[in-house]
Every structure is written in C-alpha cells, then in structure tokens.
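Per my numbering, numbering through the sequence shown is continuous, rising by one, with the last residue being 1005. Using N, Cα and C, we set each Cβ at its ideal position, and we do this for glycine too.
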Amino acid sequence: MDTPATLAPWITGDPNTWSNADRAVVLCDMASFVPAESRSERFKAGRWRVFSYEAGGLSGTMIYAVPEAKPPVVRVPLPVRGPHAISVGLFSSKPDGACRAWLRLSGDRCALPRDSQPAISQYWNIREVFYRVADLEGQTLEIGPQPGGIVPHCGVAFVKLIPLTDGEAAALRRDREDRSHRNLAASCDGYSFIDLRGPTTIDEVLAEVEIFRDTDFGTLLLHLGGADQVTYPSAVGSWFAQGIDVFPLPGQRHFAHSVRTLAEKGINPTKTIIDGAHDLGMKVHVGIRPALWGYYAPHTDVFQSPFYRDNPQWRLRDKDGLPVARMSWAVPEVRRHLLDVLREAIAFGADGAHIVFNRGFPMVLYEPAFCELFRQRYGEDPLRLEEVDSRIQDLRREIVATFMRELRVLLDEEQARRGDGRRLELSVCTLGIEEDNLRYAVDLRRLVREGLVDEVYPYKYGFGESKRVWDMDYFNDACRSAGAKVFPMISVYEAMEAHVRDVLPALEAGADGLSIWDVALHFGNIDQWPTIARLGRADELRRRLDQGFLDPHGLRVHRLGEDIMDGRFPIFWGG
C-alpha cells in the first residue's frame, strides 16, 4: 500500500485531522451515564466523583475515580451509526500523575487502556485521546478505572464520535487488510504487567496481547519471568513470591495475588497469552533470562529461585574467587534444568524458544566446573592465565554453543511430536556489537552457521555493552548467508522523534524489521503508540519526521467545580 503524502489520522493518532472532525458528536455530560447510586459529589468508596467543568469551549460533567474508590464500569450508549473514530477526553493533573481509563466497546473481548498526563507547561488539562475506529451499530462504550494492580487516577470528561468519510473508511479497511508490514516484534518480560495490573481473569491477561490487533506486530518474545521462575504451577520451575505473604513493594503483592488467583481458577497466563497471540496471527517465542536467578536484598525472598538457593556449588565464581549471582552453563545439571523449563513452556503451543542474553551475561566464568573442563582439555589451570587467553574464550563459547545445540534438539523433538511440519524457531537477544557478544561467549557467527539461530534481536541499552550502537554490518555479515533475520531492538525512553531518527539507519541498512522492549508499557500512551505500532515502515517514518509528531497539549481547563483554573491567581498558589 502506498503511503499517502499526508499521514492518515489513524496513523498519527490525532483525532482533529479526520475530515469530519467539525461534525463530531460530543457527549459531555458523563455523569448522566452513571446510576445515582454509583456517583457522588464527594469522594466515596464504590462511587465516581462528579465535577462540572468548562474547557476548550466544552462544558459538562466529568467523572473521576481515585485509586481507592473502585467504582463500577460506566456504560455509555453511542447514539450514532456507521464508521466513527472514537476518542475520549481524559483529565489529569500534576499532583495526581497520569490518568488511565480502560475502554471496551461492547462486543470486544478485552478492555484496553488509554493514558494522559498534563503537558509540561500545564498544571492540569483535558486531553482528547484517540481510542479506535469502529463501525457502530448500537454499541455501548464501557469506561472504567484499572481493575487491579497499581491503580492510576481516572478522570473522563467526554466521549467524541467523528464520522468517517467513505474514502477514509475504505482506506482504513485496505490498511488493516494489508498484512505485508508485520515486521515488528514485541518483548514481554512476563512479570511487569502482572505486578502493575494484577490480572485475575482470562480477559485481563489477554489485554496484554490484544493491544497488537491491527498493528504491524507479528512476533511476541514472551519471557517466562526469570531463569527458571514462571507465572504458572510448574513441574520444574518456581514462582516468584512463592510461599511469602509480606512484600517489599505493593506491586509484588499484586503479582503474588494475581498468579495465585489465576492458578486457583486454572488459568495459565503464559498459555493464555500464547493462544491470544495466535488468534491475532502472531507467533510466540518463549524465553528465559539466564541471569535472573534472584535479585538483591530486600527483594531476595520474592525473586530467588529455589534451584539457585539449593545448589550454591553450581554458581559462577569470578577469577578472584568472589561468587557471582548466576548458575553456570558449564554444569550439565544447570543446562538440563533450564531445558526442562523451556520444554514445559514450549509445549503450551509456542512457536519457538528465545534466549534473553542481554539479561543473562555471563553464563560461565571460573567456577570449579569450568576450571575442571579447562584442565581436561588443555592441561592447565585457567586461574593462572590472563582472561584474554584465546583458550579460555574458546571453551566458554563452546559451552554456550553446547547449550544452544541441546536446545535445538529439544525443539526438533517437540516439532516431531506435533507432526505438523512447522519448524520451531530459536531466537536470541544479544548486545549490539560483535566484541561485546564474544566477550560474554556468544559467538553469533558460529551459532548462525550451525543453524542454531533463526532470528537475532540486537539490544544496545546497557547490561554489559561497551558501545551503544547496532553494528548492522556485523549482523548482516553474520546472519544473511545462513538466512537468519535481524530485528534491532529499541527501549522506549525518549521522545518518539529521537527513536525514529535512531531506527531509520538500521532499516535502511537492511534490518528485517524492528523489536521493542517491554512494549506493552507504552500502549496507552497516545504520544508513542501510533508510531510504535508501525515503526518498521521506513517511508512512513520519514514522513513523520517531515510532518511532526502529535502535540501533547490538551484543552485548557477554565473551570472545575466552582474553581476558576486559568485565572491570574491560580488556586495552587496556596499549596
């Protein structure tokens, strides 16, 4: 599909650029959709707080929920027919942080979040946030605060419905039907969304993948949690927060409550996400983080693996004898344990395995198992040699390659068991330059040459790197001849314009696509998501740079309740 000269509104996320924006139906009296027993003019448990407001030429009643309120979902009948762009006006203020509303159109499987926060120059505002386009035929829009986890404030001032022109509707339909751009991969760490949201139902878990509908995401890199820690009852792995009831952080309590509740209901979040991704036409690689056997105090009780705790003899040791909080891949029992964890998870229906090397270095150092292997092979003590000795490096790389070969055998066995002829893939997340990967015993050229790696996700944001770059010459040279694909990975922490300028050279240098670390954390952010969802389209990115990005400013609030908010003498001066 050709990219138009001006990017369409569903691409930019700007509700004001639809052709019929001036013909919108705006529902401003949000309180009228809330039953009397569920609203109040003072904060009360189980009720929405109601405020009258004037902002940007609109006036009406806003509904607002603080985290403790936990009011019921509000159902707003949508009084229009045909294709419409739906947006909502979200209120936020600096003292209260971001606003998050969960929205669901009747007939949809899951509610999805939309976020807003005041622009830097404003203390509070009402931001019009694009939700989605739908062909409306009597549906209702369900609006609610986050149902669990770490709950943000939720303030909703209006719902806006903009009719699409026939040309816009046809163009959007063609865009959604074009599947040729599914060159994006998303990582999910398997822990954070449970910590932050505390899902306790299948639909709440599925929200983690439903965000990828009608986007260019074709692959999900689903981390199981840690090295052997998972989020479901396991015959071989362990849970985070297993057996404890007092937690250092609130999110850890939400996590424990969530996974325990899901288990009691017979819901496996990993399998649920795999199935949900498949329903969207995505493939899923399940992965482990080789370094995450535990975490520092006071979080040890929450994160430490029993396998790690019970087997100190298999932990890494540095050259000076100091212990390193890893388990050694030089130990066959460690490799076998990790393979068993992956075998169990892959059997849930995953399309491959993923090793998160950028959360795993090192896998082998100077522990007794390595030193004994070295003495057997070379007849010398590695502790007496310089670490740059090529024999030390060669043996470490051979140990890593051994694990990858064993994993490939596991995948082939599972592939044969399924009997559908589809190859189960093996992917890796590496650092961005060859020297760094080799230093930590990942010889990518060798792994690709042996047919052990199908996809590579280069990561450049810390955790062992010496240069913050993607060396595309290296990755192209290492991967192309054997058919392995390369998807440079970004971690979204800057304005989207900076990331666009960062990824364009990689796409122009031949990257097969892009990948985004912990992408679901950014879904609700309308300043980021429209660009993220199509980040692999180089031509479109160039047009974004030419046309600019979404302006984060919202409607200026004139009155809220009885208070004038934009007068010469602001009310917050008293604070």
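Quick one: Cα of W1003 to Cα of W554, how far? Counting from one through the sequence shown, the residue named residue 1003 turns up at place 573. Counting from one through the sequence shown, the residue named residue 554 turns up at place 124. One C-alpha to the other measures close to 14 Å.
Under the three-state DSSP convention, the category P960 falls into: Residue 960 sits at position 530 when you count from the first residue of the sequence shown. In the three-state reduction of the DSSP assignment, P960 falls in the helix class, which pools H, G and I.
Have a look at L539 and S911 and give me their C-alpha separation to the nearest angstrom. Position 109 of the sequence shown, counted from the start, is the residue given in the question as residue 539. Position 481 of the sequence shown, counted from the start, is the residue given in the question as residue 911. Residue 539 is actually Arg in this sequence, not Leu. Cα to Cα, the separation comes out at about 43 Å.
Could you pull the start and end residues of the alpha helix (DSSP H) that A846 belongs to? Against the sequence shown, residue 846 aligns to sequence position 416. For A846, the enclosing alpha helix (DSSP H) has its first and last residue at S820 to R848.
Taking the Cβ atom as the reference point for each residue, do A637 and A541 lie within a distance shorter than 9 Å? For the purposes of this step, residue 637 is identified with residue 207 of the sequence shown, where counting begins at 1. For the purposes of this step, residue 541 is identified with residue 111 of the sequence shown, where counting begins at 1. Yes, these two residues count as a Cβ contact at 9 Å.
Excluding five sequence neighbours on each side, which residues of the same chain lie with their C-beta closer than 7 Å to the C-beta of D565? Locating residue 565 in the sequence shown gives position 135, where the first residue counts as 1. The answer, listed in chain order, is G512 and P513.
Could you give the DSSP three-state label for G443: helix, strand or coil? Mapped onto the sequence shown, residue 443 falls at position 13. Looking at G443 - three-state DSSP - the assignment turns out to be coil, as it is neither helix nor strand.
Straight-line gap, D993 to E471 (C-alpha atoms, nearest Å): Translated into the one-based positions of the sequence shown, residue 993 becomes position 563. Translated into the one-based positions of the sequence shown, residue 471 becomes position 41. Looking at the two C-alpha atoms, the distance is approximately 15 Å.
Based on the DSSP secondary-structure assignment, which residues constitute the bridge partners of Y494? Residue 494 sits at position 64 when you count from the first residue of the sequence shown. Paired residue(s): R479 and G585.
In the DSSP assignment, what are the bridge partners of T570? Your numbering for residue 570 matches position 140 in the sequence shown. Answer is P507, bridged to T570.
To which residues does DSSP link D993 through a beta bridge? On the sequence shown, position 563 is the one that residue 993 refers to. In DSSP, D993 forms a bridge with L990.
Count the C-beta pairs between the stretch 515–526 and the stretch 556–574 that are closer than 8 Å, then say yes if the count reaches three, no if not. Contact holds: three or more Cβ-Cβ distances are below 8 Å.
Once you ignore the five residues that flank V504 on each side, which residues in its own chain have a CB closer than 6 Å to its CB? For the purposes of this step, residue 504 is taken as the residue at position 74 of the sequence shown. Same-chain partners within the cutoff: F463, V464 and I573.
Which residues in the same chain as M431 place their Cβ atom closer than 7 Å to its Cβ, once the five residues preceding and following it in sequence are excluded? The residue labelled residue 431 in the question sits at position 1 within the sequence shown. Because M431 carries a pLDDT of 46, less than 50, the predicted location of this residue cannot be relied on, and the following value inherits that uncertainty. So the qualifying residues of the chain are R604, D605 and D608.
When we look at the beta-carbon of E864 and count the other beta-carbons within 10 Å, is it buried (16 or more) or exposed? Counted from its first residue, the sequence shown places residue 864 at position 434. By the neighbour-count rule (16 or more Cβ atoms within 10 Å), E864 is buried.
Between G443 and W959, is the Cβ-Cβ spacing less than 9 Å? Position 13 of the sequence shown, counting from 1, holds the residue named residue 443. Position 529 of the sequence shown, counting from 1, holds the residue named residue 959. Contact: yes.
CB of P918 within 9 Å of CB of A950, strictly: Taking the first residue of the sequence shown as position 1, residue 918 is located at position 488. Taking the first residue of the sequence shown as position 1, residue 950 is located at position 520. It is not a contact, given that the beta carbons lie outside the stated cut-off.
Would you mind sorting G978 into buried or exposed? The rule is 16 or more other CB atoms within 10 Å of its CB. Residue 978 sits at position 548 when you count from the first residue of the sequence shown. By the Cβ neighbour-count rule, G978 is exposed, with fewer than 16 other Cβ atoms within 10 Å of its own.
Anyone know if the C-beta pair for F791 and Y870 falls short of 9 Å? Position 361 of the sequence shown, counting from 1, holds the residue named residue 791. Position 440 of the sequence shown, counting from 1, holds the residue named residue 870. It is a contact, given that the beta carbons lie within the stated cut-off.
Beta-carbon spacing of L944, L614 below 9 Å: Taking the sequence shown and counting its residues from 1, one reaches residue 944 at position 514. Taking the sequence shown and counting its residues from 1, one reaches residue 614 at position 184. Cβ distance < 9 Å, so L944 and L614 count as in contact.
L746 and E816 - do their beta-carbons sit closer together than 9 Å? Taking the sequence shown and counting its residues from 1, the one referred to as residue 816 is at position 386. Taking the sequence shown and counting its residues from 1, the one referred to as residue 746 is at position 316. No, these two residues do not count as a Cβ contact at 9 Å.
Return yes when the Cβ of C584 is within less than 9 Å of the Cβ of A485, no when it is not. Taking the sequence shown and counting its residues from 1, one reaches residue 485 at position 55. Taking the sequence shown and counting its residues from 1, one reaches residue 584 at position 154. No, they are not a contact pair.
Collapsed DSSP secondary structure at K524 in the structure displayed: Mapped onto the sequence shown, residue 524 falls at position 94. Helix.
Along the beta strand (DSSP E) that carries K713, what are the first and last residues, could you check? Here residue 713 is taken as the residue at index 283 of the sequence shown, counted from 1. For K713, the uninterrupted beta strand (DSSP E) run begins and ends at K713 to I718, by DSSP.
6 Å Cβ shell around Q845 - same chain, five flanking residues per side excluded: Start at 1 with the first residue of the sequence shown, and residue 845 comes out as number 415. Short of 6 Å from the beta carbon of Q845, and not among the five residues preceding or following it, lie these beta carbons of its own chain, in chain order: L854.
Counting only the same chain and skipping the five closest in sequence on each side, list residues whose C-beta sits under 8 Å from that of R453. Position 23 of the sequence shown, counted from the start, is the residue given in the question as residue 453. Contacts found: I592 and P593.
Under 9 Å between the Cβ atoms of I981 and D619? By one-based count along the sequence shown, residue 981 stands at place 551. By one-based count along the sequence shown, residue 619 stands at place 189. The amino acid occupying residue 981 in the given sequence is Asp; Ile does not appear at that position. Here D981 is not near D619, since their CB atoms are 9 Å or more apart.
Just the C-alpha distance for K897 and W532, rounded to the nearest angstrom, thanks. Numbered from its first residue, the sequence shown carries residue 897 at position 467. Numbered from its first residue, the sequence shown carries residue 532 at position 102. Those two C-alpha atoms are separated by around 40 Å.
Quick one: what does DSSP say T595 is sitting in, helix, strand or coil? Start at 1 with the first residue of the sequence shown, and residue 595 comes out as number 165. Note: T595 maps to coil in three-state DSSP.
Evaluate S688 with the Cβ neighbour count: other Cβ atoms within 10 Å of its Cβ, from every protein chain shown; 16 or more gives buried, anything less gives exposed. Within the sequence shown, numbered from 1, the residue matching residue 688 stands at position 258. Per the 10 Å Cβ criterion, buried.
Residue range of the alpha helix (DSSP H) that includes T730: For the purposes of this step, residue 730 is taken as the residue at position 300 of the sequence shown. Note, T730: alpha helix (DSSP H), T730 to F733.
Compare the beta carbon distance of H715 and L769 with 9 Å and say whether it is the shorter of the two. What you label residue 715 is simply residue 285 of the sequence shown in a count that begins at 1. What you label residue 769 is simply residue 339 of the sequence shown in a count that begins at 1. Against a cut-off of 9 Å, the Cβ pair of L769 and H715 comes out as no contact.
Taking only the alpha-carbon atoms, compute the straight-line gap between C859 and F787 and give it to the nearest angstrom. The sequence position of residue 859 within the sequence shown is 429, counting from 1. The sequence position of residue 787 within the sequence shown is 357, counting from 1. Approximately 5 Å, taken between the alpha carbons.
Count the other CB atoms, across all protein chains shown, that sit within 10 Å of the CB of A780; report buried if there are 16 or more and exposed otherwise. Here the question's residue 780 lines up with position 350 in the sequence shown. Buried, by the Cβ-count rule.
Short of 6 Å in beta carbon distance, which residues of its chain neighbour T433, apart from the five on each side in sequence? Order them along the chain. The residue labelled residue 433 in the question sits at position 3 within the sequence shown. Its pLDDT being 49, under 50, T433 is placed unreliably by the model, and the measurement read from it follows with that caveat. For T433, where only same-chain residues beyond five positions count, the Cβ hits under 6 Å are D969 and E970.
Can at least three beta-carbon pairs, one atom from the stretch 680–694 and one from the stretch 757–771, be found at a separation below 8 Å? No contact exists between the stretch 680–694 and the stretch 757–771.
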